[in-house]
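Below: one structure, written as structure tokens.
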Amino acid sequence: DAGVTQTPRHEVAEKGQTIILKCEPVSGHNDLFWYRQTKIQGLELLSYFRSKSLMEDGGAFKDRFKAEMLNSSFSTLKIQPTEPKDSAVYLCASRGQQDTQYFGPGTRLLVL
Amino acid sequence: GEKVEQHESTLSVREGDSAVINCTYTDTASSYFPWYKQEAGKSLHFVIDIRSNVDRKQSQRLIVLLDKKAKRFSLHITATQPEDSAIYFCAASDYGSSGNKLIFGIGTLLSVKP
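So the sequence lines, in the order shown, correspond to chains A and B.
Residue numbering for the first sequence follows the working numbering, beginning at 738 and increasing consecutively.
Residue numbering for the second sequence follows the working numbering, beginning at 3 and increasing consecutively.
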């Protein structure tokens with residue numbers, strides 16, 4: 738049974754670049770979440786989709802962060818333009834009928 | 003909206019002792035409280051949860067207690083082993099206008115010393 742997959746696992750970008758992170762949720766899960774994890778801020782919710790509809794777009798993250806669900810089994814998170822403060826681990830999670838969220842392995846982003 | 007405070011940022015115990023991690027929440031409407039474990043360099047892994055219709059739940063060496071009056075919940079790890087060393091996150095559900103989300107605590111780094 739495949740869990741949540743994320744690609745790439747590591748990404749290095751120059752300041753000002755556009756990067757796209759990808760996530761495939763657990764098959765059959767209708768809810769998908771994007772989080773950013775840093776040591777200082779902990780886990781911050783960036784976006785939340787329910788059945789491909791955007792329920793939460795992360796307030797302060799709106800201007801340079803855009804998440805999309807292209808279909809029920811694929812989501813992207815675009816950061817444009819990147820800034821050094823975006824360096825973090827980006828986690829994707831999905832949820833089915835139960836309340837439990839299952840996390841992917843994450844993408845470690847370094848912006849120089 | 004919901005806020006979750008995780009009281010211990012670090013915790014160190016000897017192998018075989020018990021470890022207790024405490025969290026408090028603010029929204030009386032919260033009804034679902036999961037715990038996640040994150041080992042070094044890895045992602046979050048679900049370990050146990052509790053819902054507001056019970057005040058205690060056990061899964062092997064993990065016990066979760068919920069005190070709804072005090073808006074407090076805790077994770078007890080009994081007979082700790084070195085492989086329990088990790089960061090543990092508590093979370094509480096937030097049933098706001100934008101759907102059902104989780105609000106996470108900042109995490110507790112547990113070290114189990116042999």
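Don't be surprised by glycine CBs; every beta carbon is placed ideally from N, CA and C.
Just checking: is the beta-carbon of residue i within a distance shorter than 8 Å of some beta-carbon in chain B?
i	result
ASP836 (chain A)	yes
TYR785 (chain A)	yes
PRO762 (chain A)	no
GLY796 (chain A)	no
GLU793 (chain A)	yes
GLY841 (chain A)	yes
GLY779 (chain A)	yes
LEU782 (chain A)	yes
LEU828 (chain A)	yes
Taking its Cβ as the centre, do 16 or more other Cβ atoms sit within 10 Å of residue i, making it buried, or is it exposed?
i	result
THR755 (chain A)	exposed
LEU782 (chain A)	buried
ARG53 (chain B)	exposed
ALA739 (chain A)	exposed
ARG16 (chain B)	exposed
ASP96 (chain B)	buried
GLU85 (chain B)	exposed
GLN838 (chain A)	buried
ALA42 (chain B)	exposed
LEU847 (chain A)	exposed
ILE23 (chain B)	buried
Would you say residue i reaches chain A, if we count a Cβ-Cβ gap shorter than 8 Å as a contact?
i	result
GLY3 (chain B)	no
TYR34 (chain B)	yes
GLY18 (chain B)	no
ILE52 (chain B)	no
ILE108 (chain B)	yes
LEU104 (chain B)	yes
PHE75 (chain B)	no
Under 8 Å, do residue i and residue j count as touching if we go by C-beta distance?
i	j	result
ALA94 (chain B)	ILE105 (chain B)	yes
GLU748 (chain A)	THR813 (chain A)	no
TYR38 (chain B)	PHE91 (chain B)	yes
GLY795 (chain A)	PHE786 (chain A)	no
LEU67 (chain B)	ASP51 (chain B)	no
ARG746 (chain A)	TYR827 (chain A)	no
SER810 (chain A)	GLU761 (chain A)	yes
GLN83 (chain B)	VAL114 (chain B)	yes
ASN808 (chain A)	SER788 (chain A)	no
VAL741 (chain A)	GLY833 (chain A)	no
Where do the N-terminal and C-terminal ends of the beta strand (DSSP E) with residue i fall, by residue?
i	result
ILE816 (chain A)	811 to 816
ALA31 (chain B)	That residue, ALA31 (chain B), is in no beta strand (DSSP E); it is neither H nor E in DSSP.
ASP51 (chain B)	46 to 53
VAL826 (chain A)	825 to 832
LEU847 (chain A)	844 to 848
ASN767 (chain A)	Run containing ASN767 (chain A): none; DSSP gives neither H nor E here.
ILE89 (chain B)	88 to 98
How many whole angstroms separate the CB atoms of residue i and residue j, which I take to be in contact at a CB cut-off of 8 Å?
i	j	result
THR110 (chain B)	LEU13 (chain B)	6 Å
GLU4 (chain B)	THR26 (chain B)	So it is not a contact: roughly 11 Å between Cβ atoms.
LYS752 (chain A)	GLU805 (chain A)	The pair is not a contact, with the Cβ atoms about 23 Å apart (cut-off 8 Å).
GLN40 (chain B)	ILE108 (chain B)	In fact, because the Cβ distance is near 12 Å, the residues do not count as touching under 8 Å.
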